[in-house]
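Only one structure is covered here, and it is reproduced in the block below.
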Amino acid sequence: MSCITQINYDVSNEKTRIVINSLITSKFETQKVYVGRSVLTGTNSITNSVPIQNATVRIMSSIEDFEFVHDKDGTYTASFAGVIGETYVMEVVVDGQTYRSTSQTMPNALPLPVPDTELINIQSLNSAGNLINDKFVNINLTGTITDDFKALYRINGEYEFMEFNPPSTTLKTCYVTESIDNNTIKLLSAKDLRTNNIQKFNLLDIPFDARFLRLYAFKIAQYHLSDESLSYWNKVNLISNTGMNIFDAPPGKILGNIKNVNDPNDEVLGNFTLGGVRDTIIFTNMVKLGGVVTDICQVRFNSSRPEVCINCLLLPFSTTIKPDYWPL
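Residue numbering for the sequence shown follows this note's numbering, starting at 41 and increasing by one per position.
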C-alpha cells in the first residue's frame, strides 16, 4: 500500500471559477465535455457547479477537429474515437473568454486484469446499535500489471427482470440499466501500489438483492491515463465523497491542465483527460454467487404485488429489447 498525505483545502475564501472536465476515450462513443461555474453554497462552503449552456466547445487534433453541441445540463457531446498516440487540445469559449488545455496524447489501452465477483459480508450498526452483517456483491481484479500501469475505472450495471402476474401468460422480460458506481473515482497504479501483482483489488461493493435473481451484468471500463491526469484524479479522489459526480467541481481548489488564455490569473477547475480504454462485461446471479435473494414478485397472502411485476417497463431505464451481448 502507498503512503497518502492528507490534503486540506481552505474553501472559506474561494471565488467562483469556471469548471471544465472531460474524459475522452479511444473507443467510438459519445464523448462528453462538462462546462459549468463553481459556486459556494450552504454553511459548510460546499462547492457545487452551475451548468453553462452557451459555451463553444471543440477538440482539435492533427487529424480532425470535433465540434461539440450542448446536450443538457452543461454537458456537450460529439461522437468519435480518440486515436492512440494522437495529440489533442480542448478549447472552450465562454462569454468572450477562451479556455484551452495543454496538448495531451491519447494513451495506449493496456490489458484489463481479470475481473471477478464474490459474495461478501459487510458489518454495520443498525438503528438499535446492534452489529449486523449485510451481504454485498464485490467486484475485484486479479492479475499482473506493467510498471507504467495507471488506470481509472467506471462500472455500470444491467439486470434482467421478468414479470410475474398469475394467471396472466403474456409476461414481459425487461433489461434494466443502472449507474452503480455513484461516480466513485477508482484508481489503480503500479507505482502507488509498489507491486505488479494484484490480488482481488477491490473495485466496488453493491448490495446483494433481487437484482441478482436471474442475471446481472457488470460493465467494467478501464481508462489508461497519463501521469499528469493520474496526479489530478488522485488529488480529487482524496477529498471527494462517494456519490459526487466526478465531472463536477470538487470542494476546494484543484487545478488541472486547462488555462484561460485571456487571463493567466484566472484559475480554472477541472481537467482534460484522455483514456485508452479496455472494457468488458461479466455476468453473475445468486446461483453463481452462492446466495439466495427474495423475489419481490412472490408475495405473501393478502400482500399486494408491486406494480413493476405487472409492468416491468415502470422500472427506470428499462427496455424489453434484449441486448446483443446478453446470453441466450
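Note that beta-carbon positions come from the ideal geometry of N, C-alpha and C, so glycine has one too. In this text, all values refer to a predicted model and were calculated from it rather than measured experimentally.
Review point. Buried or exposed: which applies to T359, given that a residue is buried once 16 or more other Cβ atoms fall within 10 Å of its Cβ?
Key: Classification for T359: exposed.
Check your understanding: On the three-state DSSP scale, how would you describe V154?
Key -> Of the three classes helix, strand and coil, the one that applies to V154 here is strand, per DSSP.
Practice item. Look at N242 and N178 and say whether their C-beta atoms are less than 8 Å apart. Key: N178 is positioned such that its CB atom lies closer than 8 Å to that of N242.
Exercise for review: Kindly identify the DSSP beta-bridge partner or partners of T127.
Suggested key: T145
Point to revise | Between the CA atoms of G114 and V132 - distance to the nearest angstrom | key: 12 Å
Review point. Do you know whose CA, among K299, S343, A250, lies nearest R140's CA?
Key: K299
Practice item. To the nearest angstrom, report how far apart K328 and H110 are at their CA atoms. Key: 43 Å
Exercise for review: Determine the DSSP secondary structure at Y365, reduced to helix, strand or coil.
Suggested key: Reduced to three states, the DSSP call for Y365 is coil.
Check your understanding: Buried or exposed: E316, going by 16 or more other Cβ atoms within 10 Å of its Cβ?
Key -> According to the sequence displayed, residue 316 carries Gly and not Glu. Burial call: buried.
Point to revise | Buried or exposed by the 16-neighbour rule on C-beta atoms within 10 Å, applied to E347 | key: exposed
Check your understanding: For G183, which residues from the same chain have a beta carbon less than 7 Å from its beta carbon, with the 5 sequence-adjacent residues on both sides left out?
Key -> P153, V154, I238
Exercise for review: Determine the burial state of R340: buried for a count of at least 16 other Cβ atoms within 10 Å of its Cβ, exposed for fewer.
Suggested key: So R340 ends up on the exposed side.
Review point. Per the contact definition of three or more C-beta pairs closer than 8 Å, is the stretch 222 to 231 in contact with the stretch 186 to 194?
Key: For the pair of segments examined, the stretch 186 to 194 was found to touch the stretch 222 to 231: the number of CB pairs separated by less than 8 Å reaches three.
**Study point:** Proximity winner among N351, L255, I60, relative to S208 (alpha-carbon distances)
**Key:** N351
Point to revise | Top-ranked residue by Cα proximity to D335, from S102, L165, R251 | key: R251
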